[in-house]
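Below is one structure, written out as structure tokens, with a few remarks after it.
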Amino acid sequence: MTSSCGDDFEVIILGGGMSGLALAAALGSVGRSVLVVERVPIDRLLAAPHDGRVTAVAQGSMRFLHTIGAWAGIAASAEPILDIVVREGFSPIEIHYDHRAVGSGPLGYIVENRAIRAALATRVGALPSVVMEAPGEVEALEPGPARVCIQLSNGRRARAPLLALCEGRQSATRKRLGIGVREWRYGQTGIVCTLAHQREHQGVAVERFFPDGPFARLPMTGDRSSIVWALDDRLSGAVLALDDSSFLGEVAERFGDDLGALELAGPRWHYPLSLVLADKYAVERVALVGDAARGIHPIAGQGWNLALRDVAALAETVCDRLRLGLDPGDGIALERYAAWRRFDGAALVAVTDGINRLFANDAFPLRLARQAGLAAVERIAPLKRFFMQHAMGLVGDLPRAMRGQPL
Ligand SMILES: Cc1cc2nc3c(=O)[nH]c(=O)nc-3n(C[C@H](O)[C@H](O)[C@H](O)COP(=O)(O)OP(=O)(O)OC[C@H]3O[C@@H](n4cnc5c(N)ncnc54)[C@H](O)[C@@H]3O)c2cc1C
1 MTSSCGDDFE VIILGGGMSG LALAAALGSV GRSVLVVERV PIDRLLAAPH
51 DGRVTAVAQG SMRFLHTIGA WAGIAASAEP ILDIVVREGF SPIEIHYDHR
101 AVGSGPLGYI VENRAIRAAL ATRVGALPSV VMEAPGEVEA LEPGPARVCI
151 QLSNGRRARA PLLALCEGRQ SATRKRLGIG VREWRYGQTG IVCTLAHQRE
201 HQGVAVERFF PDGPFARLPM TGDRSSIVWA LDDRLSGAVL ALDDSSFLGE
251 VAERFGDDLG ALELAGPRWH YPLSLVLADK YAVERVALVG DAARGIHPIA
301 GQGWNLALRD VAALAETVCD RLRLGLDPGD GIALERYAAW RRFDGAALVA
351 VTDGINRLFA NDAFPLRLAR QAGLAAVERI APLKRFFMQH AMGLVGDLPR
401 AMRGQPL
């Protein structure tokens, strides 16, 4: 493959999931030439049965999506989150995050993944400098001192000074490149479904911690909510095997009755929950992005928000280097990217893992300590504001596109 390496691009992106498409949209929106290789055919990727999840899109992420020209296609499907209530089961002790405490806008938005994917794919499709190969599969890959060369199974060859690996948690290319991972299962399955309800949710998201796992209800457009129920594996198989009415009964018990009668408004989905941490954010001419770099527990709804901060940081690094006529994928560029992303990634791994462990233990002293903790946070307004601003993706060393500035 070394003799002739085919078409030249500035960046090759492997994986056209929500992170890969967002990176392509970001780079393409400023005219950078990009090849995206996604193994699933594009029409299947966008079809309803592909993914039944919703994503809590933080304010900072929304700003980024706006900057790269994708938010206009998402906005109509986005339900603003006005309040978040966190409780241990049905205990009356709660933390109540109210959007008015941190400004006039919502805390974030709930959007169906398929709406995000469709908007990103439409945006990418409209950008003349982005080429999409979906389906596409890399057959050979050769990182070299100046370029990474790839050959696809359809025979196409391409090269670029930077390869962005956006293949998700089980990235095969990460393995092929010899990048190790630390991985452990939580012993929980994320059960996801959409419910229609009688009364309006008023933009309130609720997270309830039960001993068998956390249960989130997330406000969607229309009188609908999505649930994410991270249920202990010893129970999840039996719950998933229930008929619709018994399943709805189990869900309703945790959902509460404040929104009136509930109805299933779509199929059930389930995802094994694990933590996956790559040993490195970058190797020669290759940057790891999104779940390929680390996949976290969905307990705080932060996985893709974290991934988008990778995307924004990498896009900014690439654009700055190319504007100065510098190599976008050399050691200096990759070290800047890796150093930028290391702390944010490690912090969220620790927080999401810690919360899940803390609430999974039903020992009486721990339960008391948790309730005291919730009550304390509720009373300390600055601490509450600090948590809210973090969850909204508005603090830290943010890439400029997340602060509403151009790339
Ligand atoms: C139940 C659940 C709820 C969640 N809720 C939230 C939330 O509310 N907020 C939030 O921010 N995050 C949430 N997340 C996390 C979020 O879904 C992930 O962080 C996000 O989907 C990661 O996107 P990605 O593009 O990095 O990876 P993926 O979604 O895994 O996409 C990887 C893509 O690469 C492709 N691919 C893989 N291998 C190859 C290959 N060899 N060649 C070509 N293509 C390849 C795949 O087909 C896929 O399209 C949740 C996760 C779960 C499980």
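Number 138 in the numbering used here belongs to position 138 of the sequence shown; there are no gaps in the numbering.
Glycine is no exception: its CB is placed at the ideal position from the N, C-alpha and C atoms.
Since the model is a prediction, treat every value here as computed from it, not as a measurement.
Asked: heavy atom of ligand 1 below 8 Å from Asn154 C-beta; Found: no
Asked: Paired residues, beta bridge with His197 - DSSP; Found: Leu262
Asked: Assigned exposure category for Ser246 - 16 Cβ within 10 Å defines buried; Found: exposed
Asked: Glu79: CB within 8 Å of a non-hydrogen atom of ligand 1; Found: no
Asked: Residues of its chain near Ser29, where Cβ-Cβ distance is below 6 Å and the 5 sequence neighbours each way are ignored; Found: Ile68, Gly69
Asked: Opening and closing residue of the beta strand (DSSP E) in which Ala300 lies; Found: Looking at the DSSP string, Ala300 is not in any beta strand (DSSP E), and its letter there is neither H nor E.
Asked: Alpha-carbon spacing of Arg44 relative to Phe364, whole angstroms; Found: 48 Å
Asked: For Gly52, the nearest candidate out of Val131, Trp269, Cys319 (CA to CA); Found: Trp269
Asked: Spatial distance of Ala487 from Leu348 (CA atoms); Found: Residue 487 is absent from the structure shown; the chain starts at 1 and stops at 407.
Asked: Close-in-space but distant-in-sequence residues of the same chain around Thr2 (CB under 6 Å, 5 per side omitted); Found: For Thr2, the predicted structure reports a pLDDT of 47, less than 50, and the residue's modelled location is therefore unreliable. The matter cannot be settled from this model.
Asked: Buried versus exposed call for Val395 [16 or more other C-beta atoms within 10 Å across all chains shown]; Found: exposed
Asked: Rounded separation between Gly57 and Thr221 - CA only; Found: A small fix is needed here, since residue 57 is Val in this sequence, not Gly. Distance between the alpha carbons of Val57 and Thr221 is about 14 Å.
Asked: Length of the line joining the Cα atoms of Arg100 and Arg185; Found: 38 Å
Asked: Candidates Asp279, Ile227, Leu235, Ile296, of which the one nearest Pro267 by Cα; Found: Ile227
Asked: Any non-hydrogen atom of ligand 1 closer than 8 Å to Gly180 Cβ; Found: no
Asked: Nearest to Leu262 (by Cα), restricted to the options Gly249, Asp362, Tyr271, Leu273; Found: Gly249
Asked: Thr189 - partner residues in DSSP beta bridges; Found: Leu231, Pro272
Asked: Beta-carbon proximity check, Gly20 vs Gly290, cutoff 9 Å; Found: yes
Asked: Cβ neighbour criterion (16 or more within 10 Å) applied to Asp310; Found: buried
Asked: CA-to-CA distance, Ala158 to Gly373, given in whole angstroms; Found: 54 Å
Asked: Helix, strand or coil at Asn305 [DSSP, three-state]; Found: helix
Asked: Three or more C-beta pairs below 8 Å linking the region 193-212 and the region 311-327; Found: no
Asked: Beta-carbon proximity check, Pro143 vs Val11, cutoff 9 Å; Found: no
Asked: Tyr281 and Tyr337 closer than 9 Å at C-beta; Found: yes
Asked: Ser171: CB within 8 Å of a non-hydrogen atom of ligand 1; Found: yes
Asked: Buried versus exposed, by CB contacts within 10 Å (16 or more), Gln59; Found: buried
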